[in-house]
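Single-structure report; data block below.
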Amino acid sequence: METLHIEVDARGVAHLTMNRPEVFNAFNEAMIAELSQAVDRLVADPHVRLIVLAGAGKAFSAGADIQWMKRAAAATQEANLIDARLFAEMLHKLASCPKPTLARVQGLALGGGVGLTVACDLAVASSDAKFAVSEARFGILPAVIGPYVINAVGPRQARRLALTASRIAAAEALAMGMVHEVVEPAELDAAVERWISELLANGPQAQGEIKQLFAQLEVGPVTAEVRELTAQTISRVRTGAEAREGFAAFLDKRPPAWG
């Protein structure tokens, strides 16, 4: 791929790296299309257990490429709608990926870079990382990434980030739930590896079931429909081969087959 580098190791860990360091991994039409294709490919690969999303060079992603934004500003509303739908579909594929996703964030995560961060299940950042939902600075709004930002940090913090477009430090991003861990830059890869080890220790089918079930649950009353959904799900999963192996491994005091 022209804008990405993909490497899958022997454990089934896919390292999906945005590879436009000369523009701080800002994305354009080509990168959006390739990210979408890459997620499809990695989901379909039975050897892949999880995806680590990273950015080459000094930054994770500076968001939308300025040249792409210039083209969009000069294009028709219909052309902009096509572009926006493709971006929305790419983020949806990343967020709904049945395999765990982990963002490795360094340097800058601006605009859509924040969207990529919060679309992943987990995010680890270096202490020098800066984040901004910066679209209002250009007279536009964080529409496509908005739902993912709200889900990650809550409506009030999301409004604050979008309305001010101000940059926040990694420690503040951690406090509001945008990322899950902040470490010194020299420790970033070790922290990512630690999260990878934790994810690989668990049943891959169970992780897929978790993502599918949790996507259907919302904060609020636990209705009869929700109770039935959860009961049906656990009764089905408990009788599966992975659950039998998990319980047998625990009782036999041995690693499970996926470990």
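Just so you know, the sequence shown maps onto residues 1307 to 1565 in the numbering used here.
Cβ atoms here follow ideal geometry from the backbone N, Cα and C, with glycine treated the same way.
Taking 8 Å as the threshold (C-beta atoms), are Pro1491 and Ser1402 in contact? In the sequence shown, counting from the first residue as 1, residue 1402 sits at position 96. In the sequence shown, counting from the first residue as 1, residue 1491 sits at position 185. Against a cut-off of 8 Å, the Cβ pair of Pro1491 and Ser1402 comes out as no contact.
Tell me the residue span of the alpha helix (DSSP H) that contains Thr1568. This structure cannot settle anything about residue 1568, because the visible part of the chain is limited to 1307 through 1565.
Less than 8 Å between the beta carbons of Ser1502 and Leu1356, yes or no? The count along the sequence shown starts at 1 and reaches residue 1502 at position 196. The count along the sequence shown starts at 1 and reaches residue 1356 at position 50. Rather than Ser, the amino acid found at residue 1502 in this sequence is Ile. Yes. Within cutoff.
Kindly indicate which three-state DSSP category His1311 falls into: helix, strand or coil? Sequence index remark: in the sequence shown, residue 1311 carries index 5 (1-based). Strand at His1311.
At the level of alpha carbons, what is the spacing between Leu1422 and Tyr1454? On the sequence shown, position 116 is the one that residue 1422 refers to. On the sequence shown, position 148 is the one that residue 1454 refers to. Looking at the two C-alpha atoms, the distance is approximately 9 Å.
Residues in its own chain within less than 6 Å of Leu1400 by CB, not counting five upstream and five downstream? One-based indexing of the sequence shown puts residue 1400 at position 94. Shown here for Leu1400: same chain residues with a beta carbon closer than 6 Å to its own, the five before and five after excluded, namely Val1345 and Ala1425 in chain order.
I'd like the list of long-range same chain contacts for Ala1415, defined as Cβ closer than 7 Å, with 5 residues on each side in sequence excluded. The residue labelled residue 1415 in the question sits at position 109 within the sequence shown. For Ala1415, where only same-chain residues beyond five positions count, the Cβ hits under 7 Å are Phe1366, Ser1367, Thr1423, Ala1435 and Phe1437.
To which residues of the same chain is Arg1443 closer than 6 Å at the C-beta, ignoring the five residues directly before and after it? Against the sequence shown, residue 1443 aligns to sequence position 137. Excluding sequence neighbours, Arg1443 sits near Ala1471.
Leaving aside the five residues before and after Met1337 along the sequence, list all residues of the same chain whose C-beta is less than 6 Å from its C-beta, in chain order. Position 31 of the sequence shown, counted from the first residue, corresponds to residue 1337. Within the same chain, Met1337 has close Cβ partners Thr1309.
Bridge partners of Arg1410, per DSSP? Indexing the sequence shown from 1 puts residue 1410 at position 104. According to DSSP, Arg1410 shares a beta bridge with Val1430.
Please report the straight-line C-alpha distance between Thr1407 and Thr1382, rounded to a whole angstrom. The count along the sequence shown starts at 1 and reaches residue 1407 at position 101. The count along the sequence shown starts at 1 and reaches residue 1382 at position 76. When rounded, the distance between both Cα atoms is 35 Å.
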